[in-house]
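Visitor:
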Amino acid sequence: MNWSDLESHQRVRALIAELIPGFEPLADIDRTRGEFHIAGRRLNVAGFPTPSGRARFHAVRIPSLSEINGSHLRLMTVRSEGQFNTVVYEEEDIYRAQERRDVILISADDMRRLGLVADQRVTVRSAVGEMRRQLVRPYDIRPGNALMYYPEANVLVPRDVDPQSKTPAFKSVLVELVAESQSAEPQLPLVALNVG
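Just so we're aligned, residue 76 is where the sequence shown starts under the working numbering, counting upward by one.
1. Could you check what DSSP says for A202 in three-state terms: helix, strand or coil?
2. Suppose only complete runs of 3+ residues qualify. What are the beta strand (DSSP E) ranges in the region 152 to 189, listed by chain order?
3. Just tell me which of A259, V178, L101 and A114 has its CA closest to the CA of N160.
4. Just checking, does the region 143 to 153 make contact with the region 234 to 247 on the three C-beta pairs under 8 Å criterion?
5. Under 8 Å, with one C-beta from each stretch per pair, do the region 222 to 232 and the region 182 to 198 reach the 3-pair mark?
6. Quick one, are the C-beta atoms of A130 and F123 less than 7 Å apart?
7. Using the DSSP secondary-structure output, state which residues sit across from R227 in a beta bridge.
8. Alpha carbon to alpha carbon, what distance is there between E110 and E99?
9. Taking I91 as part of the alpha helix (DSSP H), name the residues at either end of that continuous run.
10. Are the beta-carbon atoms of P233 and V203 separated by less than 7 Å?
11. How big is the Cα-Cα spacing for K155 and Y170?
12. Looking at Y214: is its Cβ nearer than 7 Å to the Cβ of L189?
13. Specify the secondary structure class of S256 as computed by DSSP and reduced to three states.
14. Tell me the residue span of the alpha helix (DSSP H) that contains I53.
15. Can you tell me whether DSSP reads L101 as helix, strand or coil?
16. Look up H147 in the DSSP assignment and give the residues it is bridged to.
17. Taking all protein chains shown into account, decide if A221 is buried (16 or more other Cβ within 10 angstroms of its Cβ) or exposed.
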């Protein structure tokens, strides 16, 4: 095995496509950007794996969100429109009208409460990591919450898992924003250079 081949994401995908039945389309996904269904999987089959074939619902206690106070927000990490799992094809996210990924999106109410302005640089800190020079931007999200892109924001996500679901807290990370400047960062105009 030539381990240096595994430095290329495309080569890793090609090996997966070669070795795992049903994953053949993965070999060309960076070129085709096409979604695919894994062969042999059941799709659109009505029913549930219960004796009656019907779903069973259970009421669950919603955890308290009281630890959010002061400059803290609850962060969720999300994928963008131009992304498949961890593969980012485009910086732009047309779903959220963002042209870049180094942003934290919070409510306009939280921006006012924290004394922040659009496109101001902030450091985002959690109990396990921090991300510097992020642009804070207003977004239609419930106050007390924030949104950043995955996988970049993984540095903020604790490695412990929920005891019941056994999944990391990608949708519930307590973060704090610290202003790096007192004003918005100027957006520099694009300049065409005439070389030659």
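Glycine residues also receive a C-beta, built at the ideal position from the N, C-alpha and C atoms.
Guide: From the atom records:
1. Within the sequence shown, residue 202 is the residue found at index 127, counting from 1. Residue state, collapsed to three classes: coil.
2. 178 to 181
3. Counting from 1 along the sequence shown, the entry for residue 160 is found at position 85. Measuring from the Cα of N160, the nearest candidate turns out to be L101.
4. yes
5. no
6. Within the sequence shown, residue 130 is the residue found at index 55, counting from 1. Within the sequence shown, residue 123 is the residue found at index 48, counting from 1. Their beta carbons are under 7 Å apart, which means A130 touches F123 by this criterion.
7. The residue labelled residue 227 in the question sits at position 152 within the sequence shown. In the sequence as displayed, the identity of residue 227 is Glu instead of Arg. The partner list for E227 (beta bridge, DSSP) is empty, contrary to what the question assumes.
8. To locate residue 99, count along the sequence shown from 1; it is residue 24. To locate residue 110, count along the sequence shown from 1; it is residue 35. For E99 and E110, the distance between alpha carbons rounds to 12 Å.
9. Sequence index remark: in the sequence shown, residue 91 carries index 16 (1-based). Its alpha helix (DSSP H) spans residues H84 to L94.
10. The residue labelled residue 233 in the question sits at position 158 within the sequence shown. The residue labelled residue 203 in the question sits at position 128 within the sequence shown. In this structure, P233 places its C-beta atom within 7 Å of the C-beta atom of V203.
11. Counting from 1 along the sequence shown, the entry for residue 155 is found at position 80. Counting from 1 along the sequence shown, the entry for residue 170 is found at position 95. According to the sequence displayed, residue 155 carries Ser and not Lys. Straight-line Cα distance between these residues: approximately 7 Å.
12. Reading the sequence shown from its first residue, position 139 is the one you call residue 214. Reading the sequence shown from its first residue, position 114 is the one you call residue 189. Their beta carbons are not under 7 Å apart, which means Y214 does not touch L189 by this criterion.
13. On the sequence shown, position 181 is the one that residue 256 refers to. Reduced to three states, the DSSP call for S256 is strand.
14. With the chain covering only 76 through 271, there is no way to say anything about residue 53.
15. Along the sequence shown, one-based indexing puts residue 101 at 26. Here L101 sits in helix by DSSP.
16. Position 72 of the sequence shown, counting from 1, holds the residue named residue 147. Its beta-bridge partners are E251.
17. Mapped onto the sequence shown, residue 221 falls at position 146. Burial call: buried.
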